[in-house]
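K.L.:
This is the structure I have questions about; it appears just below.
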Amino acid sequence: MEIIDYKDRYAKLILKNALSRYISDKNLNDLVFLCIGTDRSTGDSLGPLIGYELTLFPHICKECRIYGTLENPVHAQNIKEITSMIFKTMDNPFVIAIDASLGSVSNVGKIIIDEGPLKPGAGVNKNLDPVGDLRITGVVNVSGFMEFSVLQNTRLSMVMNMAKVISSAIWITLLSIKQKPARGQLLYGTSNHSTGS
4 MEIIDYKDRY
14 AKLILKNALS
24 RYISDKNLND
34 LVFLCIGTDR
44 STGDSLGPLI
54 GYELTLFPHI
64 CKECRIYGTL
74 ENPVHAQNIK
84 EITSMIFKTM
94 DNPFVIAIDA
104 SLGSVSNVGK
114 IIIDEGPLKP
124 GAGVNKNLDP
134 VGDLRITGVV
144 NVSGFMEFSV
154 LQNTRLSMVM
164 NMAKVISSAI
174 WITLLSIKQK
184 PARGQLLYGT
194 SNHSTGS
């Protein structure tokens with residue numbers, strides 16, 4: 004598990020390094036970014052904002068799958084259908100589930116990445132099936148009372164800035180995987196040197 008303050012000047016790099024540890028050996032075609040949430044609630048819009056940001060990098064993200072954007076969000080009403088479709092249409096998906104969460108005062112503004120499935124809707128007492136092989140959550144506000152109201156009254160600026168940190172870290176990670184030499188090149192190398200003749 005890695006816990007990162009989104010305001011840390013090195014937050015993107017720290018998250019990139021953490022994410023790389025989990026997915027650097029994966030095939031890009033097997034990666035699924037499941038960005039959960041809805042744009043109808045400020046605090047719960049973290050996932051769709053990240054999904055939207057990722058679609059702005061089509062030359063990098065086109066090889067993996069992205070579900071959950073501002074235009075087509077993944078939420079409590081359709082998440083079961085979408086996850087079912089993922090496993091019906093992909094042989095070996097590795098699902099990175101991304102969602103907003105509520106937590107203690109000291110954790111507000113923290114980005115948490117950890118192995119294992121994410122429990123969508125847990126912060127607002129929704130009983131949804133766990134999803135994902137890896138989870139990234141952003142703690143957007145305080146838990147413990149009137150959760151729906153708390154999400155509605157979360158600062159949009161914080162959610163947007165957190166989304167930019169997470170999406171940028173994902174983009175940098177995917178770029179590094181894409182540019183990584185193929186195994187054959189690492190083992191045997193290739194010669195591009197001029198003979199001078």
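Take 4 as the starting number for the sequence shown in the numbering used here and just add one per residue.
Ideal placement from N, C-alpha and C gives every residue a C-beta, glycine not left out.
At what residues does the beta strand (DSSP E) containing T140 begin and finish?
P.N.:
In the sequence shown, the residue the question calls residue 140 occupies position 137. 137-145 is the extent of the beta strand (DSSP E) around T140.
K.L.:
Based on the DSSP secondary-structure assignment, which residues constitute the bridge partners of Y70?
P.N.:
Here residue 70 refers to the residue found at position 67 of the sequence shown. DSSP lists L37 as partners of Y70.
K.L.:
Got a sec, what are the start and stop residues for the alpha helix (DSSP H) S171 sits in?
P.N.:
For the purposes of this step, residue 171 is taken as the residue at position 168 of the sequence shown. Per DSSP, S171 belongs to the alpha helix (DSSP H) from 159-182.
K.L.:
If you run the structure through DSSP and keep just helix, strand and coil, what is A21?
P.N.:
For the purposes of this step, residue 21 is identified with residue 18 of the sequence shown, where counting begins at 1. Reduced to three states, the DSSP call for A21 is helix.
K.L.:
Does the distance from the C-beta atom of D94 to that of T140 stay below 9 Å?
P.N.:
To locate residue 94, count along the sequence shown from 1; it is residue 91. To locate residue 140, count along the sequence shown from 1; it is residue 137. Cβ atoms of D94 and T140: not closer than 9 Å.
K.L.:
On the DSSP letters alone, give me the boundaries of the alpha helix (DSSP H) that S152 sits inside.
P.N.:
Locating residue 152 in the sequence shown gives position 149, counting from the first residue. Per DSSP, S152 belongs to the alpha helix (DSSP H) from 150-155.
K.L.:
Going straight from the alpha carbon of L178 to that of D42, what length do you get?
P.N.:
Counted from its first residue, the sequence shown places residue 178 at position 175. Counted from its first residue, the sequence shown places residue 42 at position 39. In a straight line, the C-alpha of L178 is about 28 Å away from that of D42.
K.L.:
What does the Cβ neighbour count give for V142, buried or exposed, with the cut at 16 atoms within 10 Å?
P.N.:
The residue labelled residue 142 in the question sits at position 139 within the sequence shown. Burial call: buried.
K.L.:
What distance in whole Å lies between the Cβ atoms of F90 and I26, which are believed to be in contact at a cut-off of 8 Å?
P.N.:
Residue 26 sits at position 23 when you count from the first residue of the sequence shown. Residue 90 sits at position 87 when you count from the first residue of the sequence shown. Their Cβ separation, rounded to whole angstroms, is 18 Å, which puts I26 and F90 out of contact at 8 Å.
K.L.:
Per the DSSP calculation, V103 is bridged to which residue(s)?
P.N.:
By one-based count along the sequence shown, residue 103 stands at place 100. Reading the sequence as shown, one finds Ala at residue 103 and not Val. DSSP output for A103 lists G141 as bridge partner(s).
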